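Worksheet for the structure shown next.
Numbering (the numbering used here), first residue to last: 78 to 484.
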């Protein structure tokens, strides 16, 4: 929660007006159901930030008044709220609380954070309105210079207006974790996670995650590591239980204070109670540059993941993904960006295979200290072996934001 200069408090009301074009408003296959539309959204909002040694707070809320040009019965009010708190009664003891609330009909889940792609790739279709709330308290105790012990909890709730078509879900996840450095060169990370997943129609499950990593700091620039992840999913009938084993080795390397890279290589084995086991490559190669002028992240990765608490709830998947996210500041006021992502996803429990593509160009210009304009244009596609899951879409956004710094 950074603040400019010596400022410790910032209160900023703002209003954003966005015009959005989509060639496929419901992300449906080619045919009579594929419709284009223009969506005008007015976002009045307010943000508050405070930061000192003991207490930090970030509060942000905006309402969105969404107007569809062609189908006014789709008009609705969206909500985005964020509470992010930090409390340090002692410099070594940190309590954190984060809560995120969203009311939306956008099939592309938003990604929040600097340098992020803006929207996730998705196989989710339709503009079904939903509520999502994520509540995340955590506590960490720094008992040595680079050693901490902590506890993290997540409550993740998804409720769809039409739960006959889309899956409602509730996730409870708790994770104790330990980072310990024996000396300047040798350290370990140990984590355990317990998940209770409740679903409206699918089988509920209890899950366990164990993770261990050994780090060897060969130099100030180089860290070698070996890690291992174990997953177990115990479903109620008629669900199919499974376990996952995933060992890997890797290296983190800093070329300079602004340029870093990670390489990891390993494999995973997915072993279900019913059906054949599968294994595959599990790895990552990434290069990240962050300085005042240019930031970029180039990534090649592959392995496994779980789609458990989305509206689709497609379960365990094997995937391969390549992405490039670049942002370049041409002047102090003007920056441009490029986003490109290609992904192959195989859902093992549904015999579904998707090729997902997205490409966007972005631009942001600060007209005045309190007035900015942004633009984004691009293309997204899901080429699936399930014909009804295929879609392609051209989209464009034009955004104008005015804000006022009260203090």
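Glycine included, each C-beta is placed from N, C-alpha and C at the ideal position. Treat the numbers as computed from the prediction; the structure is a model and nothing was measured.
- Under DSSP, residue 345 forms a beta bridge with 357.
- Under the three-state reduction of DSSP output, residue 464 falls in the helix class.
- The beta-bridge partner set that DSSP reports for residue 214 consists of 174.
- With respect to the 7 Å criterion, residue 439 and residue 93 are not classified as neighbours on the basis of their beta carbons.
- Contact between the stretch 238 to 249 and the stretch 216 to 229 is absent: fewer than 3 CB-CB pairs across the two stretches fall below 8 Å.
- Secondary structure at residue 149: helix, using DSSP grouped into helix, strand and coil.
- Every unbroken stretch of the beta strand (DSSP E) spanning 3 or more residues and falling wholly within the stretch 255 to 322 is given here in chain order: 263 to 276, 282 to 294, 299 to 312.
- Judged by DSSP secondary structure, residue 95 falls within the beta strand (DSSP E) whose first and last residues are 86 to 99.
- Contact between residue 352 and residue 404 fails: their C-beta atoms lie close to 44 Å from each other, not under 8 Å.
- The continuous beta strand (DSSP E) containing residue 371 extends over residues 371 to 384.
- For residue 237, the enclosing beta strand (DSSP E) stretches over residues 224 to 237.
- The stretch 323 to 330 and the stretch 354 to 371 touch, with no fewer than 3 CB-CB distances between them shorter than 8 Å.
- For residue 221, the beta-bridge partners assigned by DSSP are 224.
- The three-state secondary structure of residue 350, taken from DSSP, is coil.
- A contact is defined here as three or more CB-CB pairs under 8 Å, and the stretch 463 to 478 meets this definition with respect to the stretch 95 to 111.
- Counting along the chain, residue 393 sits inside the beta strand (DSSP E) bounded by residues 392 to 406.
- DSSP, reduced to helix, strand and coil, places residue 481 outside both helices and strands of the structure shown, so it counts as coil.
- The shortest CA-to-CA distance from residue 166 to any of 181, 136, 131 is the one to 131.
- The criterion of a C-beta distance shorter than 7 Å is satisfied by residue 375 and residue 401.
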